[in-house]
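Just so you know, the sequences run in chain order C and A.
Position one of the first sequence corresponds to residue 0 (numbering that gives the first Met the number 0), numbered consecutively onward.
Position one of the second sequence corresponds to residue 0 (numbering that gives the first Met the number 0), numbered consecutively onward.
Presented below is the structure to which this report refers.
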Amino acid sequence: MHPALSVIFFTVTAGSGYGLLILLAFARPAGLLPNISPDQIVFTGLLGLVLVTAGLLSSTLHLANPRNAWRAFTRFRTSWLSREAVFAVAFYPLAIAWLATEWFTGNTFASNLLGFLSAALAVVVFICTAMIYASLKTIRQWNTRLVPVLFLLLALVVGALLLMCVGALSDLILGRLAGLTVVLIVVTAVLKFIYFKVIGTPAGPTMNSALNFTQASLRLLDVGHSGETFHTREFGHQVARARLYWARVVCFALAFAVPVLALLISWPVGSESGLALMLLAALSAYVGVFVERWLFFAEARHVVNLYHGAQST
Amino acid sequence: MKLGLVIDLDTCVGCHACAVACKQWNTSGTTGPLSDLEPYGAEPSGVWFNRIRHYEADVYPNSKTVNVPMSCMHCEDAACVTVCPTGASWKRDDGIVLVDQSKCMGCNLCAWACPYGARELDEESGVMKKCTLCVDRIYDENLPESQRQPACVLTCPTSARLFGDFDDPDSEVSRAVAERGGVAQMPELGYAPVNRYLPPREKPEVTVSEETRGDSTPGGAAGLIGKWMKRQKDAFDRFGKRTSGEA
Chain C
0 MHPALSVIFF
10 TVTAGSGYGL
20 LILLAFARPA
30 GLLPNISPDQ
40 IVFTGLLGLV
50 LVTAGLLSST
60 LHLANPRNAW
70 RAFTRFRTSW
80 LSREAVFAVA
90 FYPLAIAWLA
100 TEWFTGNTFA
110 SNLLGFLSAA
120 LAVVVFICTA
130 MIYASLKTIR
140 QWNTRLVPVL
150 FLLLALVVGA
160 LLLMCVGALS
170 DLILGRLAGL
180 TVVLIVVTAV
190 LKFIYFKVIG
200 TPAGPTMNSA
210 LNFTQASLRL
220 LDVGHSGETF
230 HTREFGHQVA
240 RARLYWARVV
250 CFALAFAVPV
260 LALLISWPVG
270 SESGLALMLL
280 AALSAYVGVF
290 VERWLFFAEA
300 RHVVNLYHGA
310 QST
Chain A
0 MKLGLVIDLD
10 TCVGCHACAV
20 ACKQWNTSGT
30 TGPLSDLEPY
40 GAEPSGVWFN
50 RIRHYEADVY
60 PNSKTVNVPM
70 SCMHCEDAAC
80 VTVCPTGASW
90 KRDDGIVLVD
100 QSKCMGCNLC
110 AWACPYGARE
120 LDEESGVMKK
130 CTLCVDRIYD
140 ENLPESQRQP
150 ACVLTCPTSA
160 RLFGDFDDPD
170 SEVSRAVAER
180 GGVAQMPELG
190 YAPVNRYLPP
200 REKPEVTVSE
210 ETRGDSTPGG
220 AAGLIGKWMK
230 RQKDAFDRFG
240 KRTSGEA
């Protein structure tokens, strides 16, 4: 699949924002950042909303006819894209109500409850985003339950590291959040490794099965078009195997290895060098997840390629 | 009603006339234009509702060329309709899947959901386009009844394409599928495609002589012709050398 920059930026940036907001809702009640103040929550929450908004705006850039984008709210019952749009818009009033309550009333039952509700809705929005891809039976690399799980986990990894930056900046007690971040990164790395194993196993239709010629070998003689088509541009995107391999290495190094190392070096967190290391870790994870999302597209093989000459997907 | 096409892979000669007729009718029809990018450039590209690909099954001397035209299968459970966030993609009661261009936002999700490559984005207008089964012609009462068929079906020089209602067991399409064992493409994805492909008929085995196969020294007339051609080639090579030597 063609890796569209606007969609990669959207899923990574909005994901980081949602991840940050989800963990922020639990920062005080669950003791991740036990001594975070209400105004620090509001400041961090606004940062999350800026990331979410930047992502959502970018997502409209890949529309060929954005004039009709408002209609995307109308097919909630069947379309994951429509659900994403509805929930993403519904998220704003809830999140703003949460941050406003936090600002005016501080640590109250209402502010904590609104925080939990916002976090739950953020999970729903981002699962809908992932399901746009995971629901497509035409792309086996996407059509797996690991996809929504990994989308959410990767968002939480970057979100957790951003929250670490906030904590380090304000000299907050970080121990529990740091522990959770390491656990998140390890779990995500293991699942991502399993994902690569899963998509590496041949499966799904082949050129023979797609064309119902199963008695003998089959090869493409002529594809029937002389130049590029919408399908070759959208689905025919291919990257050399060596490059995919190195992208996987870079993804693991930047998204998982560097942040874990930074966390371990700065342990116990809160030392002088903590903030710089946490900023480095968050930036590295963001770039690593960006590479991961590029791979997510570059490694996806649509079944239409079988008709264009591929023997399998 | 379950309107769709039957395509006979035994008689299709891969001439692309159906694709051209489709483009001609639809580019000036209700879903038109089917925009082209750089139509006179080195790399022309554009929207087509129907594309024909050519395959070779098995290997020589048992090989067979198979021409496979593909357009929208008008699936009964069309994923392109359910994934559409705007409601632009819809299915009529007669089974035809259409795009309402006034509602499409060009997000490409329906094209991603379609396994058959039936949908193409028109980059000029920014909306998705696809086969309409010539909905603007099959119901046109101003046309004589024999003409109320999709353009691709009418134009096919080998009558390899049939159009009709698959819900009617006595229709031409239903009978052809029953007689010839028509099959759907990638039914395992669960979208219940309507169009059917009639497989090539069994052919008598052709014996190929060893000379034609080229795995023995030719004798007889073929050998004589070969020797004569070799002599001509040698003479030509010598002639070339002599002229360059003199110059």
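Idealized CB from N, CA, C, for every residue including glycine.
Everything numeric in this text was worked out from a predicted model, so none of it was measured.
Distance from the Cα of A/Glu204 is smallest, within the candidate group A/Cys151, A/Lys229, A/Ser62, A/Gln23, for A/Ser62. In the same chain as C/Leu80, and ignoring 5 residues on each side of it, the C-beta atoms closer than 7 Å to its own belong to Ala71, Ile131, in chain order. Per DSSP, reduced to three states, the secondary structure at C/Glu101 is helical.
Within the region 87-136 of chain A, the beta strand (DSSP E) runs of at least 3 residues that lie entirely inside it are, in chain order, 88-90, 96-98, 118-121, 126-129. Looking at A/Gly45, A/Cys109, A/Glu201, the one whose alpha-carbon comes closest to that of A/Thr26 is A/Gly45. Comparing alpha carbon positions, the residue from A/Gly116, A/Cys21, A/Ser158, A/Thr131 closest to A/Leu8 is A/Ser158. Secondary structure at A/Gly163: strand, using DSSP grouped into helix, strand and coil. Taking a contact to require three or more Cβ pairs closer than 8 Å, the region 73-89 of chain C and the region 122-131 of chain C qualify as touching.
For C/Arg139, the CB contacts under 7 Å within the same chain, skipping 5 residues up- and downstream, are Ala202, Gly203, Thr312 in chain order. In terms of beta-carbon proximity, A/Gly225 stays away from the interface with chain C, with every pair separated by 8 Å or more. Of the other Cβ atoms in all chains shown, fewer than 16 fall within 10 Å of the Cβ of A/Pro156; this residue is therefore exposed. Here the C-alpha atom of C/Ile172 lies approximately 21 Å from the C-alpha atom of C/Thr107.
Here the region 105-114 of chain A makes contact with the region 46-64 of chain C; the two share three or more CB pairs at distances below 8 Å. Using a CB distance cut-off of 8 Å, C/Arg74 counts as an interface residue toward chain A. Taking a contact to require three or more Cβ pairs closer than 8 Å, the region 249-258 of chain C and the region 151-166 of chain C qualify as touching. With a threshold of 16 other beta carbon atoms within 10 Å, C/Glu298 meets it and is buried. The continuous beta strand (DSSP E) containing A/Glu55 extends over residues 50-56.
With respect to C/Leu149, C/Lys191 sits close: the two C-beta atoms are nearer than 8 Å.
The beta carbon of C/Asp38 sits no closer than 8 Å to any beta carbon of chain A. As for any beta strand (DSSP E) of minimum length 3 sitting wholly inside the region 102-171 of chain C, there is none. Around the Cβ of A/Ser101, a 10 Å sphere holds fewer than 16 other Cβ atoms; the residue is exposed. Taking C-beta atoms under 8 Å as the contact rule, C/Phe229 and A/Leu120 qualify, at a distance of about 5 Å. In the three-state DSSP reduction, A/Pro186 falls in the helix class (H, G or I). By the C-beta density criterion, A/Ser173 is buried, having at least 16 other C-beta atoms within 10 angstroms.
Going by DSSP, C/Tyr17 is part of the alpha helix (DSSP H) stretching over 4-26. Listed by position along chain A, the residues whose Cβ is nearer than 7 Å to that of C/His224 are Arg50. Counting only Cβ-Cβ distances below 7 Å, A/Asn107 has contacts in chain C at Glu233, in chain order. Nearest to C/Ala118 by C-alpha distance, out of C/Thr180, C/Ala209, C/Ser15, C/Ile184, is C/Ser15. C/Trp141 has its alpha-carbon roughly 22 Å from the corresponding atom of C/Leu183. The beta carbons of A/Val193 and A/Gly94 sit closer together than 8 Å.
Here the region 234-251 of chain C makes no contact with the region 162-181 of chain C; the two share fewer than three CB pairs at distances below 8 Å.
Counting only residues of its own chain and dropping the five nearest sequence neighbours on each side, A/Ser170 has a CB closer than 6 Å to the CB of Gly163, Asp164.
A straight line joining the alpha-carbon of C/Lys196 with that of C/Gly44 spans about 37 Å. In the three-state DSSP reduction, A/Val65 falls in the strand class (E or B).
For A/Val12, the secondary structure class from DSSP, reduced to helix, strand or coil, is coil. Counting only Cβ-Cβ distances below 9 Å, C/Ala129 has no contacts in chain A at all, with the closest Cβ about 14 Å away.
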